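Undergrad:
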Amino acid sequence: MSLAKTSRGPKSRKSNFKPLAGRFGQVAAILLASMVLVCVVVFGYITLFIVPNLPSLDALVDYRPKMPLRVYTADQVLIGEFGEERRDFVPIADMPEVMKKALLAIEDDRFYEHGGVDYVGVLRAGLANLRSNRSQGASTITMQVARTFFLSRQKTYARKLHEIVLAYEIERKLSKDQILELYMNQIYLGERAYGFGSAARVYFGKPVKELTVAEAAMLAGLPKAPASANPVVNPTRATQRQQYILKRMRELGYISEAQYAKSAQEKLLVRGDRRRFSTHAEYVAEAVRQYMVAQYKDDVYTHGYSVYTTLNSAEQTAAYDAVRRGVIEYDRRHGYRGPENFIELPKNADDRAQAISEILLKHPDTDELQSAVVVSATSKLVRAELLSGEDVEVNGDGLRFAAAALSGKGQNKIRPGAVIRVVRDAKKKWWISQLPEVSAALVSLNAQDGAVRAMVGGFDFTLNQFDHVNQAWRQPGSTIKPFIYSAALEKGFSPGTLINDAPLTLNSGDSGGQSWDPQNDDGQYEGPVSMRTGLKKSKNLVSIRILQSISPAYAQQYLTKFGFEKDKHPANLTMTLGTGSVTPMQVASGYAVFANGGYQVKPFLIQKIVNNRNEVLIDSQPARAGDEATRVLDTRNAFIMDSMMRDVVNGGTGYAASQKLGRRDLAGKTGTTNDSFDGWFAGYGGDVVAVSWMGFDKPRSLGGREFGGTVALPIWTDYMRTALKGKPPIQRTVPEGVAQLDGDWIYQEYANGNAVRSVGVEDTRSFWEKLFGSRPQVPGQGAGPAPAPPPRPSMPGDDMSYRGGN
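Count along the sequence shown starting at 1, add 33, and that's the number in my numbering.
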């Protein structure tokens, strides 16, 4: 059997191509018809559903961004910002070219060429979406403006159609520059920053016009993932995108090769949230916020108010540093208390890192005092880990403060898992420290008009928002004595009046309670001394005898001249030792009367308020010293009290201030309350009045060897070193109506025999001395020191043995 071979020639192959070509034609026709149908459907959808429901573009045409409340110092340093959105509106004409180019390079390099939609990009995104489950966008800047103002971020084709239609409408109504201006001011860029003007300040602490190419590229990369890939949260991802943008800028010819090479290597200094404000004035900013909310309600957070305070930024920084330094030095004098907390360290590395992060977030850093978890500890070396993951080693002198906790036993021992505080000095050496428990405050005023120059309400606002300057009612101790002495001058006393510094027992009527045996702080008595010496050495018994002579009722009313509240001070002899209640702001206001020559000026913090159209809403015009309508004190009284308080600083309990500052024109008074619950220093130099205070929020003793001169005076001195820098010493002129008697000042009307010559001192002068006067009294001399009384047994309720002073 033979097999026949079939032959297929050219004719046969041509016959097979015809059905295949037909099939391709049919498919093409179907696809074309489908595309036409899709276009018809899309056109119909746009015509019937999108166009009729397009939102009004008034929000774009009349753009009113949400602007936060901002608080500034008098020299325009930002100290506070309140609002959901941080935004600095920057007109497109003021936006630097490098920032615009960086943005266009990554977001829409054909922005000025297309009509709102880049079809090449849309086609590319569409094909990518067909191949992948993940949708990809190709939005132009105009489309992003449409989405930002009117649409959600949901990635659907319906939303994309809305974007396209809105983009054409936006392009029809607005110019390209207007669209770009909207985008660059409205877009979210992480860390609550909206717009590139705000982002430049938040991330780099500078105006957008000062950005380098590298910084502009970093910001331009933020719109894609502002929350998760910004340089604060994820510096690695942010840097990768920045480098890509720099390459794009070079490819597009926006920057030269040299600029690219330099920018790619530039090290950026990114500011974290805690470093947003170069000047620490959190208590001031919060006080302003509360005032603004009371005046303008919740509008303050969105309407762009700017408040300019009276603060001087350099003095505010000096005050902040002085308070923190004083608190930390006090805290170190009283020893290490032990770790703040303990955790068990897991063996697994990832679990350990997680545990350390969780506990340190509960113990946030406070400026230079960083929290850390100990991972190993011996008496010679402590290793610990910071929240950032950085490992620190503390050895040598850095361990000295906590030596007892390293060698001892018990719950306070430093061991692995302990939460401690570490601080790094200028030489990069680590030291163990601790978070202070004591509180402190400082406030400074301009004595001429009451403007607040500096105000620090506590050690750290983040840890304790209680404002000790305005809210803390504390006993003033001996800082109240100058006001009692001032009252005595109006009753015929003079600095040369002799007062007996001797023991005194008072009944319950004099003390407002039980019988009272007041004492000098040092337990020593000098007998008759001049009133000047009594203030200089802060003699309690001298002050009590003065008040006893002029009467508590008179002195209580007299205090109101200086802004003190009458009902806050007891109408008994304890008043002169500072058993009433005052705030540091009140004390500063009171001392300003002495500093300015007798005028009461009311402290004020806000100089000017403007709205977002730069219209001035409030412009403070305070009463100034020199306006006789504000006079509350005879100029002679202010002059004499100034001379007495200068003695306190130049040779008395405040001597350290004049010694360290090298000035003889300082005046003031130390103050220590009973059992050293509060330490004060109040004083002034020229027109700068400052008050410093230290104490515990739950009152307890600062320590048996702590006084106003040891805890508050160093803070005051540190601040005044900056506040008085470059200011010449002030020498007061002698006012009319003041005379000399026995070598000291006295009112003219009392110089001819009507003066109070002595209190509690037997007059042993001869007839001729009484007739012609005696020689000037030498401070501390006279009848000789009176012996201290023998100690009496302690009894229940014996706390009326008041030893406050200094």
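Beta carbons are placed, not taken as given, at the ideal position from N, Cα and C, and that holds for glycine.
These figures come from a predicted structure and were not determined experimentally.
Does the region 722-738 touch the region 316-336, meaning 3 or more C-beta pairs lie closer than 8 Å?
TA: Short answer: they don't touch.
Undergrad: Going by beta carbon distance, what residues of the same chain come within less than 6 Å of V575, once the five residues before and after it are set aside?
TA: Here the question's residue 575 lines up with position 542 in the sequence shown. I532, D534 and G567, listed in sequence order.
Undergrad: Do you know offhand how far F597's Cα is from V615's?
TA: Within the sequence shown, the letter at position 564 stands for residue 597. Within the sequence shown, the letter at position 582 stands for residue 615. In a straight line, the C-alpha of F597 is about 7 Å away from that of V615.
Undergrad: Let me check one thing: in DSSP terms, what residues is W749 bridge-paired to?
TA: By 1-based counting over the sequence shown, the position of residue 749 is 716. Its beta-bridge partners do not exist; DSSP assigns none.
Undergrad: Work out the CA separation of K569 and T797 for me, nearest whole Å.
TA: Mapped onto the sequence shown, residue 797 falls at position 764. Mapped onto the sequence shown, residue 569 falls at position 536. Residue placement at T797 is poorly supported in this model, since its pLDDT is 49, which falls under 50; the coordinates still yield a value, given next. About 25 Å.
Undergrad: Identify which residue in W463, A715, L666 and Y334 has its Cα closest to the Cα of T686.
TA: Against the sequence shown, residue 686 aligns to sequence position 653. For the residues W463, A715, L666 and Y334, the minimum Cα distance to T686 belongs to A715.
Undergrad: Do Y341 and Q640 have their CB atoms nearer than 8 Å?
TA: As a first step, residue 341 must be located in the sequence shown, where it is residue number 308. As a first step, residue 640 must be located in the sequence shown, where it is residue number 607. Going by C-beta atoms, Y341 is nearer than 8 Å to Q640.
Undergrad: Taking buried to mean at least 16 other C-beta atoms within 10 Å of its own C-beta, is Y105 buried or exposed?
TA: Reading the sequence shown from its first residue, position 72 is the one you call residue 105. Per the 10 Å Cβ criterion, buried.
Undergrad: Starting from Q773, follow its DSSP beta bridges and name the residues at the other end.
TA: Start at 1 with the first residue of the sequence shown, and residue 773 comes out as number 740. W778, per the DSSP bridge assignment.
Undergrad: Which of helix, strand or coil does DSSP assign to T663?
TA: Position 630 of the sequence shown holds residue 663. Note: T663 maps to helix in three-state DSSP.
Undergrad: Roughly how many angstroms lie between the CA atoms of V265 and K300, to the nearest whole one?
TA: Mapped onto the sequence shown, residue 265 falls at position 232. Mapped onto the sequence shown, residue 300 falls at position 267. Their backbone Cα atoms lie some 14 Å apart in a straight line.
Undergrad: Please confirm if the region 351-368 is in contact with the region 465-483, defined as three or more CB-CB distances below 8 Å between the two stretches.
TA: At 8 Å Cβ cutoff, the stretches touch.
Undergrad: Flag this pair as yes or no: are the beta carbons of L767 and F526 separated by less than 8 Å?
TA: Walking along the sequence shown from the start, residue 767 turns up at place 734. Walking along the sequence shown from the start, residue 526 turns up at place 493. The displayed chain sequence assigns Val, not Leu, to residue 767. Cβ atoms of V767 and F526: not closer than 8 Å.
Undergrad: Jot down the residue ranges of each uninterrupted beta strand (DSSP E) in the region 301-344, minimum 3 residues, whole runs only, in chain order.
TA: Complete beta strand (DSSP E) runs here, min 3: 339-342.
Undergrad: For A61 and L156, what's the separation of their Cα atoms in angstroms?
TA: Looking up residue 61 in the sequence shown gives position 28. Looking up residue 156 in the sequence shown gives position 123. The alpha-carbon atoms of A61 and L156 are separated by roughly 20 Å.
Undergrad: Using only CA atoms, which one of E795, G793, G770 and V792 lies nearest to N785?
TA: The residue you call residue 785 lines up with position 752 of the sequence shown. For the residues E795, G793, G770 and V792, the minimum Cα distance to N785 belongs to G770.
Undergrad: Less than 8 Å between the CB atoms is what I'm expecting for A253 and A135, so what's the real figure, rounded?
TA: Position 220 of the sequence shown, counted from the start, is the residue given in the question as residue 253. Position 102 of the sequence shown, counted from the start, is the residue given in the question as residue 135. About 4 Å; that satisfies the 8 Å criterion.
Undergrad: To the nearest angstrom, how far is the alpha carbon of R56 from that of S67?
TA: As a working note, residue 56 is residue 23 in the sequence shown. As a working note, residue 67 is residue 34 in the sequence shown. Those two C-alpha atoms are separated by around 16 Å.
Undergrad: Jot down the residue ranges of each uninterrupted beta strand (DSSP E) in the region 432-489, minimum 3 residues, whole runs only, in chain order.
TA: With a minimum length of 3 residues, the continuous beta strand (DSSP E) runs that stay inside the region 432-489 are 451-457, 463-466, 472-479 and 485-489.
Undergrad: DSSP state of S346, grouped into three classes?
TA: Here residue 346 refers to the residue found at position 313 when the sequence shown is read from its first residue. DSSP places S346 in helix when its eight states are reduced to three.
Undergrad: On the DSSP bridge assignment, give the partners of L414 in chain order.
TA: Within the sequence shown, numbered from 1, the residue matching residue 414 stands at position 381. Its beta-bridge partners are N428.
Undergrad: Ends of the alpha helix (DSSP H) at E284?
TA: Translated into positions along the sequence shown, residue 284 becomes position 251. That run of the alpha helix (DSSP H) goes P268 to E284.
Undergrad: Take Q323 as the anchor and find which of A689, L638 and I63 has the nearest alpha-carbon.
TA: Position 290 of the sequence shown, counted from the start, is the residue given in the question as residue 323. That would be L638, whose Cα lies nearest to the Cα of Q323.
Undergrad: Using beta-carbon positions only, say whether I63 and I278 come within less than 8 Å of one another.
TA: Position 30 of the sequence shown, counting from 1, holds the residue named residue 63. Position 245 of the sequence shown, counting from 1, holds the residue named residue 278. No. Outside cutoff.
Undergrad: Is the beta carbon of T612 closer than 8 Å to that of P603?
TA: Within the sequence shown, the letter at position 570 stands for residue 603. Within the sequence shown, the letter at position 579 stands for residue 612. The answer is yes: Cβ separation under 8 Å.
Undergrad: Which of helix, strand or coil does DSSP assign to D554?
TA: To locate residue 554, count along the sequence shown from 1; it is residue 521. Coil.
Undergrad: Going by beta carbon distance, what residues of the same chain come within less than 6 Å of S622, once the five residues before and after it are set aside?
TA: Here the question's residue 622 lines up with position 589 in the sequence shown. Only G596 and P636 meet the Cβ criterion.
Undergrad: According to the neighbour-count rule (16 or more other Cβ atoms, all chains shown, within 10 Å of its Cβ), is V649 buried or exposed?
TA: Taking the sequence shown and counting its residues from 1, one reaches residue 649 at position 616. Flag for V649 reads exposed.
Undergrad: Is F492 close to chain B? Criterion is C-beta to C-beta, closer than 8 Å.
TA: Protein chain content of the structure displayed is limited to a single chain, and chain B is not contained in it.
Undergrad: Give the single residue among F627, Q481, Y216 and D141 whose Cα lies nearest to the Cα of V178.
TA: Within the sequence shown, residue 178 is the residue found at index 145, counting from 1. For V178, the nearest C-alpha among the options comes from Y216.
Undergrad: Using the Cα positions of W778 and N497, report the straight-line distance between them to the nearest angstrom.
TA: Here residue 778 corresponds to residue number 745 of the sequence shown, with the count starting at 1. Here residue 497 corresponds to residue number 464 of the sequence shown, with the count starting at 1. Cα to Cα, the separation comes out at about 47 Å.
Undergrad: For the alpha helix (DSSP H) holding M128, just list the boundary residues, first then last.
TA: Walking along the sequence shown from the start, residue 128 turns up at place 95. It is not in any alpha helix (DSSP H) - M128 carries neither H nor E in the DSSP assignment.
Undergrad: Is V682 near S477, with beta carbons less than 8 Å apart?
TA: To locate residue 682, count along the sequence shown from 1; it is residue 649. To locate residue 477, count along the sequence shown from 1; it is residue 444. No.
Undergrad: Rounded to the nearest angstrom, what separates N707 and Q552 at their Cα positions?
TA: Residue numbering aside, residue 707 sits at position 674 when the sequence shown is read from its first letter. Residue numbering aside, residue 552 sits at position 519 when the sequence shown is read from its first letter. C-alpha separation (whole angstroms): 11 Å.
Undergrad: Taking K514 as part of the beta strand (DSSP E), name the residues at either end of that continuous run.
TA: Within the sequence shown, numbered from 1, the residue matching residue 514 stands at position 481. Looking at the DSSP string, K514 is not in any beta strand (DSSP E); the run it does join, the alpha helix (DSSP H), is K514 to L522.
Undergrad: For G491, which residues in the same chain have their Cβ closer than 6 Å to its Cβ, ignoring the five residues on either side in sequence?
TA: Locating residue 491 in the sequence shown gives position 458, where the first residue counts as 1. If we look at G491 and ignore the five residues flanking it on each side, its Cβ neighbours are S472, N497 and H501.
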